[in-house]
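Enquirer:
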Amino acid sequence: MIVKNIVSLRKIIEDINFKKKICFIPTLGNLHKGHLSLVENAKKKKDFVVVSIFINPLQFEKKRDFESYPRTLKDDLDILKKNKVDLIFLPPKNFVSSNLSIVKVNKISEKLCGIDRTGHFEGVATIILKFLRLIKPNKIILGEKDFQQILIIKQVIKDFFLSTKVIVLPTIRDMDGLALSSRNSLMSNNKRKLASILYESLKKICEEIINAGIIPNRIDYYKIKILKAGFEKVNYLEILKDKDLSTLDEKPSNARIFISADISGIRLIDNLKIKRKIGIVKGIIS
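Following the numbering used here, the residues of the sequence shown are numbered contiguously, the last one being 290.
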């Protein structure tokens with residue numbers, strides 16, 4: 005069923021809460037196989053699956069980015085119906101008002117994408133909190149590609165004493181390794197082929213760390229390589245602790261390599277978990 009107003013949504017949720025567990029999947033639309041992997045996982049658990057489609061204006065720093073975001077609502081609805089999603093929530097226009105209270109998550113939101121995307125994570129946190137309060141899901145399913153966003157959502161759930169469990173599923177990739185993203189459709193075929201260098205770089209850095217360690221300056225080599233391949237800008241390429249995005253130190257910790265780069269004005273992100281705990285010893289990451 006498709007629900008477009010909050011009163012109807014609340015009535016349905018109140019009724020379902022007594023019968024089934026609710027699993028929520030938030031999306032911006034322009035659905036792809038990555039989104040469908042989340043839906044498939046939820047359906048296997050026999051939960052009541054709720055998918056939202058909402059292009060959140062609060063998480064776009066630039067108006068032109070919001071306006072250029074792919075809008076494929078008819079196709080998205082067809083896909084979700086074919087996959088037997090129980091409820092599709094299309095928030096009304098007044099879901100975001102001009103005097104809306106804003107949620108800010110400190111520290112985590114100030115790293116990586118938070119550095120040059122002013123207000124992005126405040127927009128994400130605010131809308132996710134609204135969704136969680138309305139839908140009251142037992143679980144929210146998210147893709148690993150948006151790892152920083154996952155940490156922020158976990159923090160919101162903790163800070164507001166919500167009981168929703170966060171389920172994180174692996175990133176779905178194309179044959180060449182590029183992480184699936186709704187923004188990929190904005191790239192030309194030539195630029196799309198070049199974009200696979202992001203995942204290649206993540207894998208090679210990971211291999212270097214595991215095999216012999218890597219000096220921090222070595223990261224610059226990969227940045228230059230990405231730029232030479234045809235990207236306009238590398239926003240970041242960093243190795244951080246995956247618990248809270250803090251900087252590596254001597255104590256071995258679980259960590260990830262995070263990358264973001266722009267091609268044809270399109271921002272791509274990805275990350276890769278390092279297969280063992282690492283730290284910095286005598287200037288070498290290993």
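The beta-carbon is built from N, C-alpha and C at its ideal position, and this holds for glycine as well.
Note that the structure is predicted; figures quoted are calculated from it, not measured.
With a cut-off of 8 angstroms on the beta carbons, I'd call K281 and P256 a contact; round off their distance for me.
Expert: Here residue 281 corresponds to residue number 277 of the sequence shown, with the count starting at 1. Here residue 256 corresponds to residue number 252 of the sequence shown, with the count starting at 1. Contact flag correct, Cβ pair sits at about 4 angstroms.
Enquirer: Evaluate I289 with the Cβ neighbour count: other Cβ atoms within 10 Å of its Cβ, from every protein chain shown; 16 or more gives buried, anything less gives exposed.
Expert: Along the sequence shown, read from residue 1 onward, the residue named residue 289 stands at position 285. So I289 ends up on the buried side.
Enquirer: May I have the straight-line CA-CA distance separating N215 from K207, to the nearest angstrom?
Expert: Taking the sequence shown and counting its residues from 1, the one referred to as residue 215 is at position 211. Taking the sequence shown and counting its residues from 1, the one referred to as residue 207 is at position 203. One C-alpha to the other measures close to 12 angstroms.
Enquirer: Mind checking which residues open and close the beta strand (DSSP E) that includes T31?
Expert: For the purposes of this step, residue 31 is taken as residue 27 along the sequence shown, with counting starting at 1. T31 -> beta strand (DSSP E) spans I26 to T31.
Enquirer: Taking the alpha-carbon positions, what's the N188 to E236 distance?
Expert: Position 184 of the sequence shown, counted from the start, is the residue given in the question as residue 188. Position 232 of the sequence shown, counted from the start, is the residue given in the question as residue 236. Straight-line Cα distance between these residues: approximately 16 angstroms.
Enquirer: According to DSSP, is T175 helix, strand or coil?
Expert: Taking the sequence shown and counting its residues from 1, the one referred to as residue 175 is at position 171. In this structure, T175 counts as coil in the three-state DSSP scheme.
Enquirer: From N221, V54, I131 and L173, pick the residue whose C-alpha is nearest to that of P61; which is it?
Expert: Numbered from its first residue, the sequence shown carries residue 61 at position 57. Among N221, V54, I131 and L173, the Cα nearest to that of P61 belongs to I131.
Enquirer: Which residues share a DSSP beta bridge with R187?
Expert: Start at 1 with the first residue of the sequence shown, and residue 187 comes out as number 183. In the DSSP output, where bridge partners are listed per residue, R187 has none listed.
Enquirer: Is the Cβ-Cβ distance between A183 and I156 less than 7 angstroms?
Expert: The residue given as residue 183 occupies position 179 in the sequence shown. The residue given as residue 156 occupies position 152 in the sequence shown. Contact flag unset, no.
Enquirer: Please classify S264 as buried or exposed, where buried requires at least 16 other C-beta atoms within 10 Å of its C-beta.
Expert: Residue numbering aside, residue 264 sits at position 260 when the sequence shown is read from its first letter. S264 should be labelled buried.
Enquirer: Roughly how many whole angstroms lie between the Cα atoms of I273 and N21?
Expert: The residue given as residue 273 occupies position 269 in the sequence shown. The residue given as residue 21 occupies position 17 in the sequence shown. So the two alpha carbons sit approximately 36 angstroms from each other.
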